[in-house]
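Each step along the sequence shown adds one to the number in our numbering, with nothing skipped, and position 25 is 13.
Beta carbons: idealized from backbone N, C-alpha and C, even for Gly.
Report on the following structure.
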Amino acid sequence: MEQYAIKGGNPLVGEVEIGGAKNAALGILAAAVMTEETVTIENLPDLRDTAAMLQAMESIGIKVERVNRHTVKITAKSIRDLVIEEDSIKKIRASYYFLGALLGKYRRAEVALPGGCNIGLRPIDQHIKGFRALGADVRIERGLVITEAQQLKGTHIYLDVVSVGATINVMMAAVMAEGKTIIENAAKEPHIVDVANFLNSMGANVKGAGTDVIRIKGVSKLHGTEYAIIPDQIEAGTFMFAAAVTKGDVTVKNVIPKHLESISAKLMEIGCEVEESDDAVRVVAAKPLTHTHVKTLPYPGFPTDMQPQITVALGLSKGTSIVTESIFENRFKYVDELTRMGANIKVEGNTAIIDGVSKYTGASITAPDLRAGAALVTAALAAEGISTIDDIKFIERGYEDFPQKLQSLGAQIEKVSTDRELQKFRLKIG
Ligand code: EPZ
């Protein structure tokens, strides 16, 4: 089984280039099926989740041409059918974006129910509510969500919860509807703005993305485009916290500092120096870390996707910290693993009460999901001794070349697949 072997204790120092945003990419790839003309997408992160989306697209006859590792050309001219149910797609959450995109363009879609990280119940009632409001019929049969409409008509939709997925999905379903759609209580994450900008570059008329009211005027046709995806806010945040926990000095490059404000603010609160420039942020952790309180919130609040990373840092910060998870109900599963590394954390409902310890020690641990997995890697990098991390397939869903990027900052980490390779790693690092 593939795992990461890590010897902790080295401060991470240097510069690291951040890739395209996974959660923008997943929406944009689906939206690319909404025109028959060729769409070129640049800065596409090379991840398990993006590969699964592309594979699903090929499975229904869409032409996918890889120009290079981060650029792809998509031509949805010869779609064979509107049923997406192949195995790889069942594992990822973003499969639901094909519902909005195919419904919007072809007035019909059948997509396997979404999988993804097991971090809570993750209903899709708001997506369905939006499709129905636009005039579509939605039903669940044979493990597929089936949606169809004779005609989609613009309307006023109030989302009952602030949902990234529902906002993007309803936006895609509405761009080719007849008339005007208003989505209220929309999510405001940077990737929502990115998907809206992408749709606009294809000829859509979407205004207000990034605020809580999105206004869409339906157009009859979308055209081809060339578009570069924004940098990944969460990949950047993960490296910024990795600098904090290893007492390092890391500059994340190719980022939009504005998207990182809530993350930078918390790092400064716990004692790090954060320097911003046009497209880079440097984090220096020269002083001991101190405690704080944090509650995850929709953007521009502190992201739920950074909750495990900040918890790992607070586990090493002086004093008592409280982390409240307000987005997903089951996102503290990794705490058991962190406790095995020496953390002192008590979870009560959606709150973690953390008493900082002076150090973690290496252990054999398992990644329970994507972000928690990455956070446990940072814990292992800070820990005394050797750790192994299993189930790294979760981490590979959202971090491109994670071990290589960490190595370039001085980390001792290797991907190993056999006991022999693990043994070799132990001998090498001495
Ligand atoms: C997206 O998930 C991201 N995934 C998640 O990233 C991220 O954690 C999450 O947004 C919040 O920022 C993708 O973009 C593929 P939501 P999504 O709909 O869209 C409730 C990662 O690690 N809700 O904003 O599924 C829901 O249960 C992943 O990269 C409903 O009740 O999240 C949750 O409590 C993990 N009904 C809240 O809303 C619905 O119909 C926010 O979920 C939809 C959501």
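Consult DSSP for Tyr85 and reduce its assignment to one of helix, strand or coil. Of the three classes helix, strand and coil, the one that applies to Tyr85 here is helix, per DSSP.
According to DSSP, residues forming a beta bridge with Lys195: Per DSSP, the beta-bridge partners of Lys195 are Arg203.
Tell me the rounded alpha-carbon separation between Glu46 and Val271. Pairing Glu46 with Val271, the inter-Cα distance amounts to about 41 Å.
Every unbroken alpha helix (DSSP H) within the stretch 251 to 313, with a cutoff of 4 residues, ordered by chain: Taking 4 residues as the minimum length, the alpha helix (DSSP H) runs contained wholly in the stretch 251 to 313 are 295 to 302, in order along the chain.
Which same chain residues, not among the five before or five after Val99, have their C-beta less than 7 Å away from its C-beta? Only Ile72, Ser83, Tyr84, Phe86, Leu87, Leu132 and Val133 meet the Cβ criterion.
Looking at the ligand EPZ, does it come within less than 6 Å of Ala370, judged from the CB to the closest heavy atom? False, no ligand heavy atom lies under 6 Å from that Cβ.
Using only the heavy atoms of the ligand EPZ, determine whether one of them is closer than 6 Å to the beta carbon of Ala121. No.
If we require 4 or more residues per run, which alpha helix (DSSP H) segments fall completely within the stretch 349 to 394? Those alpha helix (DSSP H) runs which fall completely within the stretch 349 to 394 and span 4+ residues are 358 to 370 and 381 to 384.
Hey, would you say Asp293 sits closer than 7 Å to Ile222, going by beta carbons? Yes.
Can you give the Cα-Cα distance for Glu325 and Lys283, rounded to whole angstroms? If you take the alpha carbons of Glu325 and Lys283, they lie about 21 Å apart.
Using a threshold of 7 Å, state whether the C-beta atoms of Ala268 and Gly(-4) are closer than that. No; because the gap between Cβ atoms is not below 7 Å, this pair is not in contact.
Between Asp69 and the rest of its own chain, which residues show a CB-CB distance below 8 Å, the 5 nearest in sequence each way excluded? Excluding positions up to five away in sequence, the list reads Ile48 and Gly49.
Once DSSP output is grouped into helix, strand and coil, what is the label at Pro(-1)? For Pro(-1), the three-state secondary structure derived from DSSP is coil.
In DSSP terms, what Leu132 is bridged to: According to DSSP, Leu132 shares a beta bridge with Ala100 and Glu129.
Nonlocal neighbours in the same chain, by C-beta distance under 6 Å from Gly8, ignoring five residues either side: Within the same chain, Gly8 has close Cβ partners Asn31, Leu32, Pro33 and Ile217.
Compute the Euclidean distance between the alpha carbons of Met190 and Ser208, then round it to the nearest angstrom. Cα-Cα distance, rounded: 12 Å.
Give me the residue from Ser346, Arg319, Thr354 and Pro356 with the minimum Cα distance to Ala340. Cα-wise, what sits closest to Ala340 is Arg319.
Using three-state DSSP, classify Val163 as helix, strand or coil. Here DSSP, grouped into helix, strand and coil, assigns Val163 to coil.
What would DSSP say about Glu74, mapped onto helix, strand or coil? Reduced to three states, the DSSP call for Glu74 is coil.
For a quick check, are the C-beta atoms of Asp37 and Arg385 less than 7 Å apart? Contact: yes.
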